[in-house]
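Written below as structure tokens is the structure these notes are about.
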Amino acid sequence: MLIDGTDGFTCVGSYRSMEEALDKFEANLPDVLLADIGLPGMNGIEGVRILKVRHASLTVLMLTVYEDDERIFDALCAGACGYLVKKTPPARLLQSITEAIDGGAPMSPEIARRVVSLFRQIRPPEHENYHLTPHELRLLKLLVEGHNYKTAAAELGVTFNTVCFHIKQIYAKLQVHSKSEAVAKALRNRLTN
Numbered sequence: 529m530l531i532d533g534t535d536g537f538t539c540v541g542s543y544r545s546m547e548e549a550l551d552k553f554e555a556n557l558p559d560v561l562l563a564d565i566g567l568p569g570m571n572g573i574e575g576v577r578i579l580k581v582r583h584a585s586l587t588v589l590m591l592t593v594y595e596d597d598e599r600i601f602d603a604l605c606a607g608a609c610g611y612l613v614k615k616t617p618p619a620r621l622l623q624s625i626t627e628a629i630d631g632g633a634p635m636s637p638e639i640a641r642r643v644v645s646l647f648r649q650i651r652p653p654e655h656e657n658y659h660l661t662p663h664e665l666r667l668l669k670l671l672v673e674g675h676n677y678k679t680a681a682a683e684l685g686v687t688f689n690t691v692c693f694h695i696k697q698i699y700a701k702l703q704v705h706s707k708s709e710a711v712a713k714a715l716r717n718r719l720t721n
């Protein structure tokens, strides 16, 4: 109701299970997928993992009641770009969908704190070198600080397309497939310190 009742938003599908979503998803690919974790049959994290293999550029936001470290980490590693709890106010949910489309990584405040805490606990491998250029490191640092692609482009004084080009280079060098994975690897390996 919220999404279809808001100008500029349309719900193209609603599924009771990940199996149903996987079967019917191809008919109407969304700009953003809102996925729950606790579903009958296959859980949402495993479903997201499969969907990201099929559609690498798909933007996925987790929307769930779960706030434990393991599920948060697993969902982000599966390819979700953001993680919201179901008690998120409707206006913030709509804002988060827009933010995700713009390249952001929206998270509920309590989830963001847990993610930061998780990354502090992870020790970096010794002397990992990804051969990132100074420009790529500056861009990666902006992503770690929470910028989306558009605001990073403005901050660096380059075009959105230039940022997209460098993002592809960063993803290739870090061997990741999403912004959240790149940020996680940057934090884990202290690449932007």
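Note that the sequence shown covers residues 529 to 721 in this note's numbering. From the three backbone atoms N, C-alpha and C, an ideal C-beta is built for every residue, glycine too. On a predicted model such as this, the values are computed, not experimentally measured, just so you know.
Quick check: residue i and residue j, are their CB atoms within less than 8 Å of each other?
i      : j      : result
Ile573 : Val643 : no
Cys609 : Lys707 : yes
Val691 : Leu667 : yes
Val613 : Ser636 : yes
Glu595 : Glu638 : yes
Ala603 : Ile565 : yes
Val576 : Ala555 : no
Phe647 : Arg716 : yes
What is the rounded straight-line gap between the Cα of residue i and the Cα of residue j?
i      : j      : result
Glu627 : Leu589 : 11 Å
Ala549 : Glu709 : 24 Å
Ser535 : Leu660 : Note that residue 535 is Asp in the sequence shown here, rather than Ser. Each residue's Cα considered, the two are about 41 Å apart.
Asn676 : Ile531 : 23 Å
Ser542 : Pro662 : 44 Å
Arg558 : Ile625 : The amino acid at residue 558 is misidentified as Arg; the sequence shows Pro. Distance between the alpha carbons of Pro558 and Ile625 is about 11 Å.
Phe688 : Ala682 : 8 Å
His655 : Lys696 : Annotation note: pLDDT 47 at His655 (below 50); position unreliable, no value reported.
Asn657 : Gln649 : 21 Å
Just to confirm the assignment, what range does the alpha helix (DSSP H) spanning residue i have?
i      : result
Val644 : 637-649
Val560 : Unbroken run through Val560 is the beta strand (DSSP E), 560-563; no alpha helix (DSSP H).
Met590 : No alpha helix (DSSP H) holds Met590; the beta strand (DSSP E) holding it covers 587-592.
Tyr677 : 677-684
Tyr699 : 688-702
Candidates the options: which alpha carbon is nearest residue i's?
i      : options                        : result
Thr538 : Asp602, Thr687, Leu562, Ala681 : Leu562
Tyr611 : Gln623, Thr592, Asp551, Ile698 : Thr592
Val581 : Tyr658, His705, Ser545         : His705
Leu670 : Asn657, Gly632, Pro618         : Gly632
Ala640 : Asn721, Gly674, Lys678         : Gly674
Exposed or buried, which one is residue i when buried takes at least 16 other CB atoms within 10 Å?
i      : result
Pro634 : buried
Ala680 : buried
Lys713 : buried
Asn571 : buried
Phe693 : exposed
Val560 : buried
Gly685 : exposed
Val540 : exposed
Less than 7 Å separating the Cβ of residue i from some heavy atom of the ligand GTP?
i      : result
Lys707 : What this structure holds is no ligand at all, so the ligand GTP is not there to describe.
Looking at the secondary structure, which residues open and close the beta strand (DSSP E) in which residue i lies?
i      : result
Val613 : 610-613
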